[in-house]
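Residue numbers (the numbering used here): 1153 to 1427. Beta carbons: idealized from backbone N, C-alpha and C, even for Gly.
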Ligand SMILES: [Zn+2]
């Protein structure tokens, strides 16, 4: 994408033979003729069409004429013009550790100093664990189900500790998840609810979506009569930067089926969670 500030635009208007990279060309287009005023959009379109012709160095005048400029900084005809698509493809071939080294440079440190030499490797290795949830599905952990027999009251696993990463700042957020369901003939081992939490915590997340995903996937796979999920979490992007409120806790909940429709079930869930 090419960005041109309004200042650049006004400079171009005052100097019709300025080429797109700032070099001033010979006024071959003729300054004697009274030029019409073109809008900024027309000027921008004209510049874009110039860019699509890398073999010639062109500048556009206010009256729509183009004039050749003796600009040696432009690419030679044989060289391909750089495009954002090509740059992205090239980045995909760059080693992940090299990308991390570049981040270390950008934040102002030296990736070659002793303490940082192994850091890119450690970070890349940690991604497998921190973002391991992308490779898993709810079916993978809820595969073993047991007959509930006579039991049809609430099953609750409270205070499941989790660590996730905020997708807006790539900073951690952590807290506790409470998951409850009302069985419909089937139950699952309690550790499976903790594993279900891990699947959705170990990715880039927002807490609201994580709450919803855990509830929806438990409902989809186990098909209980109702599901209730509540998450309480502290976000580092709010503690260590921005408003810097260390004690603030975000609470989200998602109620499905009987928990949504039945006040008694909802009240029981909230009472047990707050105990
Ligand atoms: Zn954040």
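Residue environment analysis places residue 1302 among the exposed positions, since fewer than 16 neighbouring C-beta atoms fall within 10 angstroms of its C-beta. Under the 8 Å Cβ criterion, the segment 1310 to 1321 does not count as touching the segment 1364 to 1375, having fewer than three qualifying pairs. Taken from the Cβ of residue 1389, at least one heavy atom of ligand 1 lies inside 6 Å. When beta bridges are read from the DSSP output, residue 1329 appears opposite 1312 and 1383. Within the segment 1237 to 1267, the complete alpha helix (DSSP H) segments at least 4 residues long are 1248 to 1258, listed from N- to C-terminus. Residue 1357 counts as buried, since at least 16 other C-beta atoms from the protein chains shown sit within 10 angstroms of its C-beta. Counting only runs of 3+ residues, the beta strand (DSSP E) found wholly inside the segment 1270 to 1300 occupies 1297 to 1299, in chain order. No Cβ-Cβ contact shorter than 7 Å links residue 1383 with residue 1346.
The three-state secondary structure of residue 1323, taken from DSSP, is coil. Straight across, the Cα-Cα distance linking residue 1263 with residue 1274 is about 13 Å. Of the candidates 1276, 1260 and 1291, the residue whose Cα lies closest to the Cα of residue 1247 is 1276.
For residue 1380, the CB contacts under 6 Å within the same chain, skipping 5 residues up- and downstream, are 1332, 1407, 1411 and 1421 in chain order. Taking 6 Å as the cut-off, one finds no heavy atom of ligand 1 near enough to the beta carbon of residue 1326.
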